[in-house]
Amino acid sequence: MFDERGPAQRRNDRSGALQRDEVKRVWVDLAIAYPRPQERPVRPMPEGVDLQSRVPGELLAWRRTTTGEWVGWVCLPVRRGEEIRYVYQYVVAAALSPRDDVPDKRSHDGPPRR
């Protein structure tokens, strides 16, 4: 999805997840990951959890679903009012896109491929 080496590098012995050799910085579109029902009117709730924004995240691994789709194991910030919590969760591949604003950390093979 993000480079020509394929979506995974190795299998984690403990979890079985397909892992990359480096952490990949991504954008996570929460509106795609958590689509809002169109028939419901918007009721602003400033103290609610924001699941409609685009947030920076770190792609840690890929995993296949029972239907054969790819999901990413991602660390991402979720905002609730002024509070920000970092969560680890599976996110559908369609909600992930590469983020080139900062270099990848923990890279084992040099700069990110273009």
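For the sequence shown, this note's numbering begins at 26 and goes up steadily by one.
Built from N, CA and C at the ideal position, the CB exists for glycine as well.
Quantities reported herein were computed from a predicted structural model and do not represent experimental measurements.
Item to check | Nonlocal neighbours in the same chain, by C-beta distance under 7 Å from P69, ignoring five residues either side | outcome: Here residue 69 refers to the residue found at position 44 of the sequence shown. Cβ within range, chain order: n/a, list empty.
Item to check | Bridge partners - L101, DSSP secondary structure assignment | outcome: Counting from 1 along the sequence shown, the entry for residue 101 is found at position 76. Paired residue(s): V112.
Checklist entry - For Q114, which option in V99, E94, D125, Q63 has the closest C-alpha, if you only look at C-alpha atoms? => result Locating residue 114 in the sequence shown gives position 89, counting from the first residue. Relative to the Cα of Q114, the nearest Cα in the group V99, E94, D125, Q63 belongs to V99.
Checklist entry - Under the three-state reduction of DSSP, which class applies to L55: helix, strand or coil? => result Locating residue 55 in the sequence shown gives position 30, where the first residue counts as 1. Correct three-state label for L55: helix.
Checklist entry - Within the present structure, is the beta-carbon of R68 separated from the nearest heavy atom of the ligand ZN by less than 6 Å? => result Looking for the ligand ZN in the displayed structure turns up nothing, as the structure carries no ligands at all.
Item to check | Those residues which DSSP pairs with E83 across a bridge | outcome: In the sequence shown, the residue the question calls residue 83 occupies position 58. In the DSSP assignment, the residues bridged to E83 are R50, C100.
Checklist entry - Which whole-angstrom value is the C-beta distance of P71 and G106, which I expect to be below 8 Å? => result The sequence position of residue 71 within the sequence shown is 46, counting from 1. The sequence position of residue 106 within the sequence shown is 81, counting from 1. With 8 Å as the limit, P71 and G106 qualify as a contact, their Cβ atoms being about 6 Å apart.
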